[in-house]
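There are 2 protein chains.
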Amino acid sequence: MTAARRPTPTVPDTVTQAAHLGRARTAQTRVLLEDYVELIADLAGDAADAPPIGPSTLARHLGVSHATVIKCIGRLSREGLATTLPYRGVTLTQAGLALADRVRRRHRIVVALLRAVGVPEAEAAADAEGIEHHVSDKTLAAFERFLRHTPVG
Amino acid sequence: MTAARRPTPTVPDTVTQAAHLGRARTAQTRVLLEDYVELIADLAGDAADAPPIGPSTLARHLGVSHATVIKCIGRLSREGLATTLPYRGVTLTQAGLALADRVRRRHRIVVALLRAVGVPEAEAAADAEGIEHHVSDKTLAAFERFLRHTPVG
DNA sequence: CCGCATATGTAGCCATGGCTACAATTCGGT
DNA sequence: ACCGAATTGTAGCCATGGCTACATATGCGG
Numbered sequence: 022m023t024a025a026r027r028p029t030p031t032v033p034d035t036v037t038q039a040a041h042l043g044r045a046r047t048a049q050t051r052v053l054l055e056d057y058v059e060l061i062a063d064l065a066g067d068a069a070d071a072p073p074i075g076p077s078t079l080a081r082h083l084g085v086s087h088a089t090v091i092k093c094i095g096r097l098s099r100e101g102l103a104t105t106l107p108y109r110g111v112t113l114t115q116a117g118l119a120l121a122d123r124v125r126r127r128h129r130i131v132v133a134l135l136r137a138v139g140v141p142e143a144e145a146a147a148d149a150e151g152i153e154h155h156v157s158d159k160t161l162a163a164f165e166r167f168l169r170h171t172p173v174g
Numbered sequence: 022m023t024a025a026r027r028p029t030p031t032v033p034d035t036v037t038q039a040a041h042l043g044r045a046r047t048a049q050t051r052v053l054l055e056d057y058v059e060l061i062a063d064l065a066g067d068a069a070d071a072p073p074i075g076p077s078t079l080a081r082h083l084g085v086s087h088a089t090v091i092k093c094i095g096r097l098s099r100e101g102l103a104t105t106l107p108y109r110g111v112t113l114t115q116a117g118l119a120l121a122d123r124v125r126r127r128h129r130i131v132v133a134l135l136r137a138v139g140v141p142e143a144e145a146a147a148d149a150e151g152i153e154h155h156v157s158d159k160t161l162a163a164f165e166r167f168l169r170h171t172p173v174g
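Read top to bottom, the protein sequences are chains D and U. Heads up, the first sequence is in my numbering, so the first residue is 22 and it goes up one at a time. Heads up, the second sequence is in my numbering, so the first residue is 22 and it goes up one at a time.
(1) Would you mind stating whether G117 of chain U and V58 of chain U have Cβ atoms separated by less than 8 Å?
(2) Applying the 10 Å Cβ sphere with the 16-neighbour rule, what's the burial state of V36 of chain U?
(3) Would you verify that the beta carbon of T160 of chain U is, or is not, closer than 8 Å to some beta carbon of chain D?
(4) Would you check if there are 3 or more beta carbon pairs closer than 8 Å linking the stretch 121-140 of chain U to the stretch 78-88 of chain U?
(5) Tell me whether the stretch 93-107 of chain U and the stretch 128-148 of chain U touch, counting them as touching only if at least three CB pairs, one residue from each stretch, are closer than 8 Å.
(6) Hey, how far is the Cα of A69 of chain D from the Cα of L42 of chain U?
(7) Pick helix, strand or coil for R103 of chain D, following the three-state DSSP scheme.
(8) Residues in its own chain within less than 8 Å of V140 of chain D by CB, not counting five upstream and five downstream?
(9) So which of U:T171, U:T47, U:V111, U:G75 has the shortest CA-CA distance to A137 of chain D?
(10) Just the Cα atoms here: how many angstroms apart are T160 of chain D and T112 of chain D?
(11) What would DSSP say about A114 of chain D, mapped onto helix, strand or coil?
(12) Should L135 of chain D and L97 of chain D be called a contact, given that it needs their Cβ atoms to be closer than 8 Å?
(13) Can you pull the DSSP bridge partners for I74 of chain D?
(14) Within 8 Å (strictly less), CB to CB, does A40 of chain U reach chain D?
(15) Indicate the three-state DSSP secondary structure (helix, strand or coil) for S98 of chain U in the structure shown.
(16) Taking a cut of 7 Å between CB atoms, which residues from the stretch 80-92 of chain U lie near chain D?
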C-alpha cells in the first residue's frame, strides 16, 4: 500500500516528506519574529544604550502599515523577545538580543555563501531575506566550512 | 530624518529593505501552491496518463488533514493550476505542469548546490524544502553556473 | 503654554491555512 | 445487490497577519 506504485522521480517516503514540509510550514511562524528582532537590532545599533524603536520606523522598513506592526509587537512581547510601553517604542529583551545575534550572524553567512557561489550582490541581498529563515544549524555550519575553504571567490 | 543616525551595521536604505522583506512576504502566498503542484507532479509521475491524486494521499505526504488539503485544492483550481471533480481527485493543468516542472527543476538544483557546498544529504533534503521557494531566477542561474564549474564535490 | 502635526493605539474587516466533527459518496467483498 | 470501511466533502471554529478608519497621546514651535 505504502509504496505500491513507486511513482517516478524522488518521492521520499511519506513520513519523511511530511516531516520536511511540516517543518518548513512550522518555521513560517518564526519567520516574522526573526525579521522583527533582526530589524530592531539593526536599527537600535549595538551600543549598550539601545534606544527603543517606534512602530512607524519599523513599519517603514518592513513595508507594512503601523497598525500591523503594533499587532506584531504584541506577539514579540508575548513571546518574551521584546518589551514595550505605550508610546515609548520597543526594546529587545536579553532573549530578543540573543535571537537577533543568531539571526544576524546567519544572515551574514547566507549572504556570504550566495556571493561565494557567484550570486550577484543585489540578488544575494534580496533572496537572503527569504532563504535565511530556512537554514538549519547543520546547514549553516556547512556554509561556514565552505566559506573558510573558499577565499573570497 | 531619513538617515539621521546611521545605526550600526548594514541597515540597507529603507525602501530597498522594505522591498526585499515585502517580496519575501509576498512569496509566501506562492509557497503553498508550489508545494502542492510539486507534490502532485511527483506523485502522478511523468507519464502522459497522469492519474488524478486524491486528497488523502496529498494529506499524508503534506502532514496536514484532508480537510485542509481540500480547501487548498480549491485555491489550486481557482488559480488555474489544477482541475478537480468531486470524488475524483485532482489533476494538474498545463499551467500546473509547467509550474511543477520549474519548481522541481529548481528543487533539484537547490539540493545539488547544498550538497556541493558540503551540506549533508539529510539536511540538504530538509532545508531545500524551505529554501527553494526563495531562490530567484538569477540566483538559480548562479547556482547552475557554480555547479557546472564544480564537479560533483 | 497651547495647538497642531506626527506618532501611536484601537476597532473591525478580510483571506488564509490550520483543525475537528459530521455528512455523503465510492467501492471492494461477500 | 448490498453493507461497511475508507475516502471525500462540508461546516464551523481559531489564530495570524494584512488592511483602513478612527481615536488618542506626544511633543515641538510659536
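Even for Gly, the Cβ is constructed at its ideal location relative to N, Cα and C.
On the basis of the coordinates in this document:
(1) Cβ atoms of G117 of chain U and V58 of chain U: closer than 8 Å.
(2) It is exposed - the Cβ of V36 of chain U has fewer than 16 other Cβ atoms within 10 Å.
(3) yes
(4) no
(5) no
(6) 27 Å
(7) One point to set straight first is that residue 103 of chain D is Ala, not Arg, in the sequence displayed. A103 of chain D: strand per DSSP, three-state reduction.
(8) D148
(9) U:T171
(10) Their backbone Cα atoms lie some 30 Å apart in a straight line.
(11) The sequence shown places Thr at residue 114 of chain D, not Ala. Three-state DSSP puts T114 of chain D in coil, outside helix and strand.
(12) no
(13) D:V111
(14) Chain D, which has a Cβ nearer than 8 Å to the Cβ of A40 of chain U, makes this yes.
(15) helix
(16) R81, H82, L83, G84
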